[in-house]
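Working notes, beginning with the structure itself.
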Ligand code: FAD
Ligand code: DHB
């Protein structure tokens, strides 16, 4: 038996994009359902991003999601760039006229969003299976799924948002031949750890070392997060905790500074990829976040882009569904792709400047160092990095 119902917006995926979209639509009086194939506990524990642009934190505050972030988030006014054994500071506040970034983990944003949505009585179905979207060539697309108790549902919607991440089903549900993909694979991966040890630095350290890139970041004053460049096909079993700390120490240490270590509570390897699918819309199916685009993590842009997409989408859907105005929905893909391509370039640039390319020759490696010297000695070059890192495009929600 299939249970039929209707809502205004069907949202596939309870990651940051899907959850924030549901929240923003509710603020405008628009009903939605969110379906998610994982459990609530899994979504709340999945370790990923940690760094928010200034505009992202301001948006979360404006829409009533800032309380815990303001109490627990760590504001940073700059970063360190390290190469040839020297550490250089970039002061974002000075370079950009006062802009900053905030460390507040994606896990915490997801927890805040789930709690806010459930407190407001929202429909979120966890642990669904066999999600499908259909009737996409009409103005009443349908969302089908089997709930955690085994009941099949068919929800008729006015619009569907594909917020189902890179491996979701929505992008591939668009008509064959419509979607163009621009893609770049990188010949390395990141090994990321969480460790119970106070961060060894007040701000993030991005290090280019001849053995490979390393990044020191953090989650709280008690928990550090660190990343190491490893070969693209690396297996985590080859990295004991001792080997990870030794390699991090080797790539991060500078004279007069020591890396503190501690128990590793989580370790995983993530591939690096740039990927942009366009257009991000077919009629009333809209893609947002990782469902439409992926950046390598070096620029810390993925989460920020996902939240920016759904801010644009919530505005577009409000005009379409409450005001009968299609202009913003028609412009949605182009609006998002301008920001996406800026972040795609910045993430590619940061990645290429800081990693050791196993195929590069002396020419390539020397160009990297020249670029790093330029960024750390020219105010114009440093400002380019700072204004992209803190967020180039404004993010507004009236
Ligand atoms: P996701 O978080 O992938 O959510 C999609 C959801 O859809 C998932 O919960 C999934 O289970 C669900 N789903 C999938 N298929 C289905 C289906 N068929 N039916 C129902 N549900 C489905 N970004 C930053 O901005 N800053 C950073 O510092 C940063 N660091 C990162 C570090 C690492 C190691 C990694 C891997 C990523 C990092 N990112 C960072 C990227 C960021 O985590 C992602 O861009 C972000 O999670 C995208 O959110 P999303 O909601 O679009 O997708
Ligand atoms: C984090 C991840 C990044 O890729 C980055 O550039 C900065 C911070 C993080 O996980 O905190």
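Numbering (our numbering), first residue to last: 72 to 469. Here a beta-carbon is modelled for each residue, glycine too, at the ideal position from N, C-alpha and C.
Counting along the chain, where does the alpha helix (DSSP H) carrying residue i start and finish?
| i | result |
| --- | --- |
| residue 89 | 87-98 |
| residue 136 | Per DSSP, residue 136 belongs to no alpha helix (DSSP H) and is neither H nor E. |
| residue 185 | 177-190 |
| residue 116 | 111-116 |
| residue 318 | 312-323 |
| residue 242 | 241-244 |
Is the CB-CB distance between residue i and residue j below 7 Å?
| i | j | result |
| --- | --- | --- |
| residue 366 | residue 373 | yes |
| residue 79 | residue 384 | no |
| residue 170 | residue 138 | no |
| residue 340 | residue 307 | yes |
| residue 232 | residue 357 | yes |
| residue 335 | residue 264 | yes |
| residue 243 | residue 217 | no |
Helix or strand or just coil, what does DSSP make of residue i?
| i | result |
| --- | --- |
| residue 421 | helix |
| residue 445 | helix |
| residue 386 | helix |
| residue 463 | coil |
| residue 413 | helix |
| residue 278 | strand |
| residue 101 | coil |
| residue 119 | coil |
| residue 258 | strand |
| residue 213 | strand |
| residue 283 | coil |
| residue 345 | strand |
| residue 381 | helix |
Quick one: measure Cβ to Cβ for residue i and residue j, integer angstroms, because I've assumed they're closer than 8 Å.
| i | j | result |
| --- | --- | --- |
| residue 425 | residue 289 | Wrong, their Cβ atoms sit about 19 Å apart, outside the cutoff. |
| residue 186 | residue 87 | Contact doesn't hold; Cβ gap of about 14 Å is too wide. |
| residue 276 | residue 444 | Actually they are not in contact, since the Cβ atoms of residue 276 and residue 444 sit about 17 Å apart, beyond 8 Å. |
| residue 198 | residue 108 | 7 Å |
Between which two residues does the beta strand (DSSP E) carrying residue i extend?
| i | result |
| --- | --- |
| residue 162 | 157-162 |
| residue 329 | Residue 329 -> no beta strand (DSSP E), and no H or E assigned at all. |
| residue 72 | From DSSP, residue 72 is part of no beta strand (DSSP E); its letter is neither H nor E. |
| residue 300 | 294-302 |
| residue 357 | 356-358 |
Just mark residue i as buried or exposed, buried being the case when its beta carbon has 16 or more other beta carbons within 10 Å.
| i | result |
| --- | --- |
| residue 153 | buried |
| residue 89 | buried |
| residue 172 | buried |
| residue 462 | buried |
| residue 331 | exposed |
| residue 72 | exposed |
| residue 300 | buried |
| residue 386 | buried |
Please find out if some non-hydrogen atom of ligand 4 comes closer than 6 Å to the beta-carbon of residue i.
| i | result |
| --- | --- |
| residue 369 | What this structure holds is ligand 1 and ligand 2, not ligand 4. |
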